[in-house]
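Under the working numbering, the residue at position 251 of the sequence shown is numbered 253, and the numbers go up by one with no gaps.
Glycine included, C-beta positions come from ideal geometry on N, C-alpha and C.
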Amino acid sequence: MKYAVAVDIGATQTRVALGNEEGEILEIEVFPTRSFSNPDKYLEHIARLAKTFTQKHNVDIVGIGVGSPGPIDMEKGEVIKSVNLPFQRLEIVRVLKNLTGKKIAFTNDAVTAAVGEKFFGAGRGHRNLVYVTISTGIGGGVYVDDTLLLGKQGNAHEIGHIVVDSNEEITCGCGKKGHWEAYCSGTGIPKYAKLLSKRHPDLWSQSVLRDKETLTAKDIFDAYRSSDSFARLVIQGVKRYNAYGFAAITNAYDPEIITIGGSVALNNSDILLANIEKEVENYTVNTVPKIILTPLGDKIGIMGALALGLGKEPKVPLR
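If you want it as structure tokens, here you go:
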């Protein structure tokens, strides 16, 4: 039996796990990413957990797989200028390899999740698939003809920065305007709501949301479920922008299946996935693929990192 350590770095939480080639997770620990402000101390903590897991279960590991928010530089093995992490630079491969003595496979978190879908989830048996995460931000991973797309630095998959609004009314966290992530992510939906509150002051004045000191995406979805008219206007727009994004993916990559994950999608799939294929069809030339929620749920990132650590994806080799 082959074993690997999997590391799923998120903007909010980091997960470190020990798993095997059958996809069984033997142990997992979750800690707040922002509990460390020093990147070296952060990676030292991950290395300690990896050693603790292997010693406790008395196993040797093939390697360590790591998925992290980007942008990244795969050749250098590091995160560069991340928008969503507390570290501007994170030298993942060099530091973890020195600390553990193990080989490391590293790529973008959404690409890592796509690898998890391919080897352990709904992507098994499909040669063409796209995974989309709708969470703090929006990202994706793409397989075309069984080949994982990466690009010159590993950032070929920044689908959250597809322009969905040519009026460029909202600035994305990356500093550019009109991006999908700026309107439909966990951080973007409240920004979009604020924009609409100025356009529709009457609806806003009657909304339960107007009294929220800090508006969140969860507040808006909760209000939607309570038939709040303003919230329904916001979510209607979010669903339209999502349709633009999924249509762009369909036209660009022609996938057999699109799977969706991330906290915003996982917690609100009844709303965001309702009639999604029909809405996407309004904007596509290619046949609309099957669009589903990932069966791996919030474990998809760790399952992808496990697949990388086991050396399953040749485009992201252990080194």
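Bounding residues of the beta strand (DSSP E) (the contiguous stretch that carries residue i)
i: ASP10; result: 5-11
i: SER70; result: 66-70
i: GLU29; result: 27-34
i: GLY21; result: 15-22
i: ILE259; result: 259-263
i: ILE48; result: Not the beta strand (DSSP E): ILE48 falls in the alpha helix (DSSP H), residues 41-59.
i: LEU295; result: 292-295
i: ILE82; result: 80-82
Burial state of residue i (16 or more Cβ within 10 Å)
i: SER315; result: A small correction: the amino acid at residue 315 is Glu; Ser does not occupy that position in the sequence shown. Counting Cβ neighbours within 10 Å, GLU315 comes out buried, since at least 16 surround it.
i: HIS59; result: exposed
i: SER70; result: buried
i: PRO291; result: buried
i: MET305; result: buried
i: PRO297; result: exposed
i: LYS120; result: buried
i: ASN284; result: exposed
i: ASN253; result: exposed
i: THR135; result: buried
i: ILE148; result: Correcting the residue type first, residue 148 is Asp in the shown sequence and not Ile. When all chains shown are included, ASP148 counts as exposed.
i: ASN270; result: buried
i: ASP230; result: buried
i: ASN110; result: buried
i: THR189; result: buried
i: SER39; result: exposed
Beta-carbon separation (whole angstroms), residue i vs residue j, contact threshold 8 Å
i: ALA107; j: PRO319; result: 6 Å
i: THR54; j: ASP62; result: Not really, about 14 Å apart at Cβ, beyond 8 Å.
i: TYR331; j: TRP182; result: Residue 331 lies beyond the stretch modelled for the chain, which goes from 3 to 321, so this question has no answer here.
i: ASN86; j: GLY139; result: 6 Å
i: ALA6; j: LEU308; result: 6 Å
i: GLY299; j: LEU268; result: 6 Å
i: ILE66; j: LYS4; result: Contact doesn't hold; Cβ gap of about 13 Å is too wide.
Residue i: first and last residue of the uninterrupted alpha helix (DSSP H) it sits in
i: GLU283; result: 278-283
i: LEU98; result: 94-102
i: GLY308; result: Sequence inspection shows Leu at residue 308; the Gly mentioned does not correspond to that position. Start and end: 302-311.
i: ASP272; result: 271-274
Evaluate contact between the stretch 43-60 and the stretch 15-29, counting only Cβ atoms and requiring at least three cross-stretch pairs below 8 Å.
Note that the stretch 43-60 touches the stretch 15-29; at least 3 beta-carbon pairs, one per stretch, sit closer than 8 Å.
Determine contact between the stretch 260-280 and the stretch 78-98, defined as no fewer than three beta-carbon pairs at a distance below 8 Å.
Judged by Cβ distances under 8 Å, the stretch 260-280 makes no contact with the stretch 78-98, as fewer than three pairs qualify.
Across the stretch 74-85 and the stretch 153-164, are there enough close Cβ pairs to call them in contact, namely three or more that are closer than 8 Å?
Touching, per the Cβ criterion.
4-residue-minimum alpha helix (DSSP H) runs that sit fully inside the stretch 201-266, ordered along the chain
Within the stretch 201-266, the complete alpha helix (DSSP H) segments of 4 residues or longer fall at 203-207, 219-227, 231-255, listed in chain order.
Can you list the beta strand (DSSP E) stretches of 3 or more residues lying completely in the stretch 109-186, in chain order?
The qualifying runs are 131-136, 140-146.
Does the stretch 143-153 come within contact of the stretch 179-197, defined as at least 3 CB pairs closer than 8 Å?
These segments do not touch.
Should the stretch 216-232 be called in touch with the stretch 248-263, which here means at least 3 C-beta pairs below 8 Å?
Touching, no.
Using 8 Å as the threshold, is the stretch 189-202 in touch with the stretch 226-241, meaning 3 or more CB pairs across them?
When Cβ pairs closer than 8 Å are counted between the two stretches, the stretch 189-202 is seen to touch the stretch 226-241, the count reaching three or more.
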